[in-house]
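As you go down the protein sequences, you meet chains X and V in turn.
The opening residue of the first sequence carries number 25 in the numbering used here; numbering runs sequentially from there.
The opening residue of the second sequence carries number 25 in the numbering used here; numbering runs sequentially from there.
A virtual CB, placed ideally from N, CA and C, is assigned to each residue, including glycine.
Protein chains: 2
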Amino acid sequence: MRISELSAASGVPVATIKYYLREGMLAAGEKSSATQADYSEAHVARLRLIRAFIDIAGLSIASAREVLAAVDDEGLHFGYAAAIASRALPTPSASTDPGAEELIDEVVAARRWCVSAENPGRALAARVVSDYRALGRDDLLATIDVYAEAAERVAAADLQAVAAASGRPAMAETVVIGTVLGDSLFSGLRRMAHEDASASRFPITAPTDIQPKDA
Amino acid sequence: MRISELSAASGVPVATIKYYLREGMLAAGEKSSATQADYSEAHVARLRLIRAFIDIAGLSIASAREVLAAVDDEGLHFGYAAAIASRALPTPSASTDPGAEELIDEVVAARRWCVSAENPGRALAARVVSDYRALGRDDLLATIDVYAEAAERVAAADLQAVAAASGRPAMAETVVIGTVLGDSLFSGLRRMAHEDASASRFPITAPTDIQPKDA
DNA sequence: CCACTATCGATAGCCATACTATCTAGGTGC
DNA sequence: GCACCTAGATAGTATGGCTATCGATAGTGG
Numbered sequence: 025m026r027i028s029e030l031s032a033a034s035g036v037p038v039a040t041i042k043y044y045l046r047e048g049m050l051a052a053g054e055k056s057s058a059t060q061a062d063y064s065e066a067h068v069a070r071l072r073l074i075r076a077f078i079d080i081a082g083l084s085i086a087s088a089r090e091v092l093a094a095v096d097d098e099g100l101h102f103g104y105a106a107a108i109a110s111r112a113l114p115t116p117s118a119s120t121d122p123g124a125e126e127l128i129d130e131v132v133a134a135r136r137w138c139v140s141a142e143n144p145g146r147a148l149a150a151r152v153v154s155d156y157r158a159l160g161r162d163d164l165l166a167t168i169d170v171y172a173e174a175a176e177r178v179a180a181a182d183l184q185a186v187a188a189a190s191g192r193p194a195m196a197e198t199v200v201i202g203t204v205l206g207d208s209l210f211s212g213l214r215r216m217a218h219e220d221a222s223a224s225r226f227p228i229t230a231p232t233d234i235q236p237k238d239a
Numbered sequence: 025m026r027i028s029e030l031s032a033a034s035g036v037p038v039a040t041i042k043y044y045l046r047e048g049m050l051a052a053g054e055k056s057s058a059t060q061a062d063y064s065e066a067h068v069a070r071l072r073l074i075r076a077f078i079d080i081a082g083l084s085i086a087s088a089r090e091v092l093a094a095v096d097d098e099g100l101h102f103g104y105a106a107a108i109a110s111r112a113l114p115t116p117s118a119s120t121d122p123g124a125e126e127l128i129d130e131v132v133a134a135r136r137w138c139v140s141a142e143n144p145g146r147a148l149a150a151r152v153v154s155d156y157r158a159l160g161r162d163d164l165l166a167t168i169d170v171y172a173e174a175a176e177r178v179a180a181a182d183l184q185a186v187a188a189a190s191g192r193p194a195m196a197e198t199v200v201i202g203t204v205l206g207d208s209l210f211s212g213l214r215r216m217a218h219e220d221a222s223a224s225r226f227p228i229t230a231p232t233d234i235q236p237k238d239a
């Protein structure tokens with residue numbers, strides 16, 4: 025298909041497709057002449073993936089490109105692909121509070137997890153703990169074990185899905201997509217579960233007459 | 025304390041504090057004269073909260089302002105505060121695939137959750153499902169029940185924390201902070217659990233020689 | 001074979017967001 | 001008194017993510 029058809033099929037404007045091509049996130053079509061290239065279904069899928077990374081996971085163009093490169097790199101062990109995906113997710117820099125890291129390490133130790141100190145998830149979790157504390161909401165820390173338990177189960181399911189995939193390209197793709205989009209899936213499900221739990225616990229809840237905002 | 029001291033205490037530049045004041049996210053200090061105002065510890069905490077919303081949850085200034093307004097609105101039932109927080113989180117607009125919503129509804133029905141069709145989490149989850157499918161990674165859908173179970177447990181713990189809070193201001197604050205920052209806490213824990221699960225299942229894993237990127 | 005439309009590749013422009021800097025008229029504190 | 005700070009207003013900047021235009025070319029219908 026031609027670029028205009030690719031645009032129509034994917035819903036992404038031609039100018040934006042060209043931009044993604046320039047940024048190296050999308051492979052060029054097979055050139056049939058100097059001014060004509062042929063795009064395939066694979067390009068449609070790729071655009072869908074790019075949009076998912078950007079819209080859903082909130083990745084920057086630069087991060088998305090890295091993750092896509094990891095997916096594409098056939099020689100890369102998928103474990104590395106997983107690490108790249110994990111690092112591409114927005115991670116805060118400053119944690120400031122050593123006590124927070126300590127608490128996270130305790131949780132990790134209690135679950136007998138084997139986690140490197142550089143794991144970006146560790147810094148993120150520590151930052152949240154640190155903020156809970158700084159905000160005087162230590163009560164929220166009581167939930168952390170439930171969160172950790174839930175994370176463990178989800179991670180196990182994720183890994184099972186990866187192991188079930190056949191071949192390294194499928195594995196790498198599965199792990200990357202699962203890592204990046206899984207957070208959003210959980211977020212959506214949690215928000216629904218909140219509404220339900222809230223409804224059964226408290227009278228007036230989760231109204232529907234509030235306008236959606238942001239995007 | 026003066027604005028420069030507030031800046032020092034919070035780590036936020038004076039110019040940025042002024043910007044937040046202008047945007048109505050931070051209450052003005054008590055003016056001791058035409059050119060002097062006094063800020064309190066509450067201002068430091070507020071700045072911390074603003075930074076957490078922006079850095080960790082990735083909220084825009086506009087979204088953060090709305091959520092903060094919900095926290096501040098004493099007359100607002102905290103159930104509404106929860107809904108506002110939920111809606112402030114980035115939510116995709118287009119879901120395109122009706123089959124995806126159907127699948128989500130099935131999951132919801134299986135768990136006997138009571139969720140309105142307008143719940144933004146529903147659109148988000150549907151979008152992820154839709155993308156899993158469009159990308160030909162239907163295998164990832166096998167994990168959705170585990171995710172839902174995990175979300176249910178986490179939500180129950182969240183609500184328990186809210187119920188334990190004393191007074192409506194504390195409840196509203198707890199629910200908002202928990203909603204907005206809880207996703208990140210889970211994300212961090214999941215990424216650690218991934219590393220652990222990956223290490224026990226596969227040989228080479230989660231390397232530490234890859235540079236962190238993005239922010 | 002000739003107008004016409006589409007494409008490629010390159011470059012420049014645009015717009016929103018989140019700050020950051022400057023300026024003026026005033027206060028503070030030693 | 002005098003160096004230094006502050007409030008409040010306004011203007012400027014940097015970045016990210018597109019979007020628009022252009023010239024050269026080329027395939028397409030008649």
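Exercise. Beta-carbon of P193 of chain V versus every beta-carbon of chain X: anything under 8 Å?
Worked result: no
Exercise. Listing by chain order, which chain X residues have their CB less than 7 Å from the CB of G123 of chain V?
Worked result: Chain-order list of chain X residues neighbouring G123 of chain V: empty, with the shortest C-beta distance near 15 Å, by a criterion of under 7 Å.
For this session: Indicate whether A94 of chain X and A109 of chain X have their beta-carbon atoms separated by less than 8 Å.
Result: yes
Problem set entry | A240 of chain V - containing alpha helix (DSSP H), residue span | The requested residue 240 of chain V is not part of the displayed model; chain V covers only 25 to 239.
Exercise. For the stretch 196 to 215 of chain X, which residues have a beta carbon sitting closer than 9 Å to at least one beta carbon of chain V?
Worked result: Within the stretch 196 to 215 of chain X, the qualifying residues are E197, T198, V199, I201, G202, T203, L205, G206, D207, S208, L209, F210, S211, G212, L213, R214, R215.
Exercise. What residue range is occupied by the uninterrupted beta strand (DSSP E) comprising S56 of chain V?
Worked result: 54 to 57
Exercise. Would a check of beta-carbon distances place D162 of chain V closer than 8 Å to chain X?
Worked result: no
Exercise. Are there 16 or more other CB atoms within 10 angstroms of the CB of V204 of chain X, so buried, or fewer, so exposed?
Worked result: buried
Problem set entry | Cross-strand partners of D62 of chain V (DSSP beta bridge) | V:E54
For this session: Quick one: give me the first and last residue of the alpha helix (DSSP H) that V178 of chain V is part of.
Result: 168 to 188
Exercise. Listing by chain order, which chain V residues have their CB less than 7 Å from the CB of D129 of chain X?
Worked result: Within chain V, no residue has its beta carbon less than 7 Å from that of D129 of chain X; the closest one is some 10 Å off.
Problem set entry | Under 8 Å between C-beta atoms of V153 of chain V and I128 of chain V | yes
For this session: Could you name the residues of the stretch 140 to 167 of chain V whose beta carbon sits closer than 8 Å to any beta carbon of chain X, in the order they occur along the chain?
Result: The stretch 140 to 167 of chain V vs chain X, Cβ under 8 Å: S140, E142, N143, P144, G145, R146, A147, L148, A149, A150, R151, V152, V153, D155, Y156, A158, L159, G160, R161, D163, L164, A166, T167.
For this session: Return the chain-ordered list of same chain residues with a C-beta closer than 7 Å to the C-beta of Y156 of chain X, the five sequence neighbours on each side being excluded.
Result: D162, L164, L165
Problem set entry | Start and end residues, alpha helix (DSSP H) containing A39 of chain X | 38 to 46
Exercise. Quick one, which of V:A112, V:E173, V:E219, V:L100 has its alpha-carbon nearest D191 of chain V's?
Worked result: A quick correction: the sequence has Gly, not Asp, at residue 191 of chain V. The option with the nearest alpha carbon to G191 of chain V is V:L100.
Exercise. Using 8 Å as the limit for Cβ to Cβ distance, is A223 of chain X near chain V?
Worked result: yes
For this session: For E98 of chain V, count neighbouring C-beta atoms within 10 Å of its own C-beta (all shown protein chains included) and say buried if the count is 16 or more, exposed if not.
Result: exposed
Problem set entry | Cα-Cα separation, V139 of chain X to A39 of chain X | 43 Å
Exercise. Does the beta-carbon distance from A158 of chain V to A69 of chain X come in below 8 Å?
Worked result: yes
For this session: At 7 Å on the CB atoms, spell out the chain V contacts of A76 of chain X, in chain order.
Result: D155
Exercise. So is E197 of chain V buried or exposed if we call it buried at 16+ other beta carbons inside 10 Å?
Worked result: buried
For this session: Would you mind stating whether A134 of chain V and L183 of chain X have Cβ atoms separated by less than 8 Å?
Result: no
Exercise. Taking only beta-carbon atoms, is K42 of chain X less than 8 Å away from chain V?
Worked result: no
Exercise. Residues of chain V with CB under 9 Å from Y63 of chain X, in chain order?
Worked result: Under the 9 Å cutoff, chain V gives no residues; its nearest Cβ is about 16 Å from Y63 of chain X.
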